[in-house]
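Be aware that the sequence shown starts at 67, since it is given in the working numbering, and climbs by one per residue.
Beta carbons are placed, not taken as given, at the ideal position from N, Cα and C, and that holds for glycine.
Since this is a predicted model, take the numbers as computed values, not measurements.
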Amino acid sequence: MHDIPRTDEDLAKAVMCEEPEELYLQDARRLIGRVGGQYLQSVVLTPLEILHSSDQQIQLSNAGMSLTQMVQKAAIPQVKGTGIPVSERVRRLFELTDTVLKDTRAYFEEHQPEAVEPDGVAGLLEPVDGESDKERSFRIHTVLATTLVSIKSWPEKFDAVIALADKVQDEADFGPFDGLIAEITRDPKARKEIIGEIGPQGDEVKRLLALYDDEAGENDAPTDPPRAKVFNRFVSRAAAPETRETILSHLLAIVRSTDRFTKEQPAGELAVILKIAGKLKRGGTYLGEGPTAEALERRISRLISDDTIDILLSGAKSHAEKVLRVIELHGEVIGEVAQKYLEDYVAALLDEPKMDAKFAEIPGGPIQQLRMFGRLHKASIACNMAGRRKERFAQEFERMQGELIEAMDFYGKLDKQKTSTSDKALIIVDMIKEGAFAEGPIIAAARKQAYAFMKREDFLTSFLEGCEDGNERTARLKDLETRLVQSGLG
């Protein structure tokens with residue numbers, strides 16, 4: 067996969083054509099579109115058309131300054147840092163373009179390609195005896211260029227290509243039409259006129275990504291413009307690798323822009339960024355690689371600051387829940403800036419005066435308090451914060467939970483409750499299973515207390531109380547076995 071969108075300089079350096087046939091390759095055509103964008107837009111031509119039309123090549127050559135500017139724009143970055151004079155690279159590029167013009171003119175004089183109608187596509191694609199793959203590709207493209215060259219609007223040019231592509235029977239013959247659609251829709255204005263655009267920008271990224279991943283059909287396109295449905299149908303018909311790369315280029319351009327994804331408050335915007343980041347990640351990297359990751363990191367770091375943190379954490383019902391949200395958020399965000407800020411924020415919350423008293427203010431009673439400390443400890447262990455801080459946070463939550471258990475005499479009060487021995491045991495078993503106790507001595511003590519309840523003579527009797535037959539008894543014992551295994555007691 068090409069790392070797109072690339073800068074003009076990076077693309078130029080990647081396209082060091084030394085032979086005329088290299089100018090027809092995908093990256094070379096993309097570079098032609100970049101360096102000749104102003105000219106190509108003025109005459110409504112794609113790189114494929116101009117590479118396969120002797121008349122258009124002559125017009126470009128006669129334009130003089132346009133061709134010279136295109137060659138210079140490509141040559142300057144190609145020799146940057148190499149010690150090769152720009153004039154030498156310019157000379158070589160002019161040699162290549164002169165050869166292409168000469169060969170194309172000779173081909174047109176000999177074969178005189180004519181425009182093709184949709185009914186003639188089958189004949190156009192039929193191989194000619196003795197024709198190589200390279201010759202066949204050139205023949206097809208010259209006919210397509212001849213057909214399209216007089217059409218002077220991108221939407222109408224799109225319509226003409228689609229009408230021809232609809233007659234293609236074999237997916238292997240889709241390539242020339244794929245390349246043309248990719249180049250027609252690469253221009254941002256043409257994209258809006260043909261593919262359409264929806265808002266907010268986050269929704270547009272998701273729409274384009276679904277198209278790129280072949281997860282969007284004709285009915286998933288916006289109704290305006292009408293061509294959007296046609297475009298979706300085209301993309302879903304065959305592999306269309308070049309068109310998919312154009313789609314990817316458009317969606318990555320949005321991701322790498324400064325436009326917000328939503329009109330929501332910071333928490334809503336952040337949620338959408340994280341969701342899109344997850345969709346863009348493939349294996350250990352992102353579509354578009356480093357520049358995409360950097361863009362996502364910038365978006366996230368703008369949303370996580372002193373100006374926004376209180377808004378992001380609004381709705382937290384306690385000091386402890388606020389800390390838990392920050393730790394969990396640390397595991398979701400990307401980028402050192404945002405992660406460092408969140409680490410510092412947790413440290414600051416733990417350093418506040420009367421910190422233990424603030425953490426004790428957890429609504430819901432003793433069991434909910436213990437559960438919260440267990441979640442905090444588990445989140446601290448699982449997070450990827452800096453080693454010392456991670457260890458410190460986990461130790462603090464373990465200490466506070468242990469002190470809470472002792473201060474409230476949790477097990478003593480549980481034993482005094484007017485409920486069955488099995489109910490008392492299973493309260494602890496289920497709390498262990500859901501991670502309510504910090505790992506280490508605290509969870510070991512919880513398991514010990516659970517065992518103590520289960521060893522009492524009335525445990526099994528109380529657990530099976532109410533069972534009316536053997537089947538119900540067996541099912542209840544199976545449930546107990548499962549709960550014990552899940553809590554590490556089986």
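**Request:** Measure the alpha-carbon distance for F160 versus I142 and round it to whole angstroms.
**Result:** Along the sequence shown, one-based indexing puts residue 160 at 94. Along the sequence shown, one-based indexing puts residue 142 at 76. Rounded to whole angstroms, F160 to I142 spans 14 Å at the Cα level.
**Item:** Host alpha helix (DSSP H) of Q92 (start-end)
**Value:** As a working note, residue 92 is residue 26 in the sequence shown. Taken as a continuous stretch (DSSP letters only), the alpha helix (DSSP H) holding Q92 covers 92–101.
**Asked** How many Å lie between S553 and R293 at the Cα?
**Response** If you number the sequence shown from 1, residue 553 lands on position 487. If you number the sequence shown from 1, residue 293 lands on position 227. One C-alpha to the other measures close to 58 Å.
**Request:** Within the same chain, show all residues whose beta-carbon is closer than 8 Å to that of G532, passing over the 5 residues directly before and after it, in chain order.
**Result:** Taking the sequence shown and counting its residues from 1, the one referred to as residue 532 is at position 466. Nothing listed; no residue qualifies.
**Item:** Beta-ladder partner(s) of T251, from DSSP
**Value:** If you number the sequence shown from 1, residue 251 lands on position 185. According to DSSP, which records beta bridges pairwise, T251 is partnered with nothing at all.
**Item:** Option in K482, I393, V110 with minimal Cα separation from M451
**Value:** Position 385 of the sequence shown holds residue 451. Of the listed residues, the one whose Cα sits closest to M451 is I393.
**Which of helix, strand or coil DSSP assigns to T134** = Counting from one through the sequence shown, the residue named residue 134 turns up at place 68. Looking at T134 - three-state DSSP - the assignment turns out to be helix.
**Given D236 as reference, the closest of D225, E192, V209 once Cα atoms are compared** = To locate residue 236, count along the sequence shown from 1; it is residue 170. Considering only alpha carbons, the answer is E192.
**Asked** Could you give the distance in angstroms between the alpha-carbon of R391 and the alpha-carbon of R364?
**Response** On the sequence shown, residue 391 is found 325 positions in, with the first residue counted as 1. On the sequence shown, residue 364 is found 298 positions in, with the first residue counted as 1. If you take the alpha carbons of R391 and R364, they lie about 21 Å apart.
**Asked** On the premise that A248 lies in contact with D309, defined as a C-beta separation below 8 Å, what is that separation, rounded to the nearest angstrom?
**Response** On the sequence shown, residue 309 is found 243 positions in, with the first residue counted as 1. On the sequence shown, residue 248 is found 182 positions in, with the first residue counted as 1. In the sequence on display, residue 309 carries Thr and not Asp. That pair is a contact at about 4 Å.
**Asked** For K406, which option in G381, G453, M438, P429 has the closest C-alpha, if you only look at C-alpha atoms?
**Response** Locating residue 406 in the sequence shown gives position 340, counting from the first residue. If we check each option's Cα against that of K406, G453 comes out closest.
**Prompt:** Buried or exposed: where does E84 fall if 16 or more other Cβ atoms within 10 Å of its Cβ makes it buried?
**Reply:** Taking the sequence shown and counting its residues from 1, the one referred to as residue 84 is at position 18. Exposed.
**Prompt:** For the segment 208–273, which segments carrying the alpha helix (DSSP H) assignment without a break, of at least 4 residues, lie completely within its bounds, in sequence order?
**Reply:** 220–231, 241–250, 254–260
**Message:** Bridge partners for K374 per DSSP, in chain order?
**Reply:** One-based indexing of the sequence shown puts residue 374 at position 308. The identity of residue 374 in the sequence shown is Thr, whereas the question assumes Lys. Paired residue(s): none; T374 is not in a bridge.
**Message:** Restricting to Cα atoms, I'd like to know which of S323, K479, G186, T212 is closest to A361.
**Reply:** Here residue 361 corresponds to residue number 295 of the sequence shown, with the count starting at 1. It is S323 whose Cα lies nearest to the Cα of A361.
**Asked** For R95 and chain C, any beta-carbon pair shorter than 9 Å?
**Response** Note that chain C does not occur in the displayed structure, where there is just one protein chain.
**Request:** Excluding the 5 residues preceding and the 5 following A512 in the sequence, name in chain order all residues of the same chain whose CB lies nearer than 6 Å to its CB.
**Result:** Taking the first residue of the sequence shown as 1, we reach residue 512 at position 446. If we look at A512 and ignore the five residues flanking it on each side, its Cβ neighbours are I494, I498, F503.
**Asked** Straight-line CA distance for E259 to P291?
**Response** To locate residue 259, count along the sequence shown from 1; it is residue 193. To locate residue 291, count along the sequence shown from 1; it is residue 225. When rounded, the distance between both Cα atoms is 7 Å.
**Asked** Is G102 near P113, with beta carbons less than 9 Å apart?
**Response** For this step, residue 102 is matched to residue 36 along the sequence shown. For this step, residue 113 is matched to residue 47 along the sequence shown. Cβ distance < 9 Å, so G102 and P113 count as in contact.
**Item:** Beta-carbon spacing of L336, L379 below 9 Å
**Value:** As a position in the sequence shown, residue 336 is number 270, starting the count at 1. As a position in the sequence shown, residue 379 is number 313, starting the count at 1. No.
**Message:** In whole angstroms, give me the CA-to-CA distance for F224 and I217.
**Reply:** In the sequence shown, the residue the question calls residue 224 occupies position 158. In the sequence shown, the residue the question calls residue 217 occupies position 151. Whole-angstrom Cα-Cα distance: 10 Å.
**Request:** Taking only the alpha-carbon atoms, compute the straight-line gap between V156 and D164 and give it to the nearest angstrom.
**Result:** For this step, residue 156 is matched to residue 90 along the sequence shown. For this step, residue 164 is matched to residue 98 along the sequence shown. Going by the C-alpha atoms only, they are around 12 Å apart.
**Item:** Environment of Y517 [buried if 16+ CB atoms lie within 10 Å]
**Value:** Within the sequence shown, numbered from 1, the residue matching residue 517 stands at position 451. So Y517 counts as exposed.
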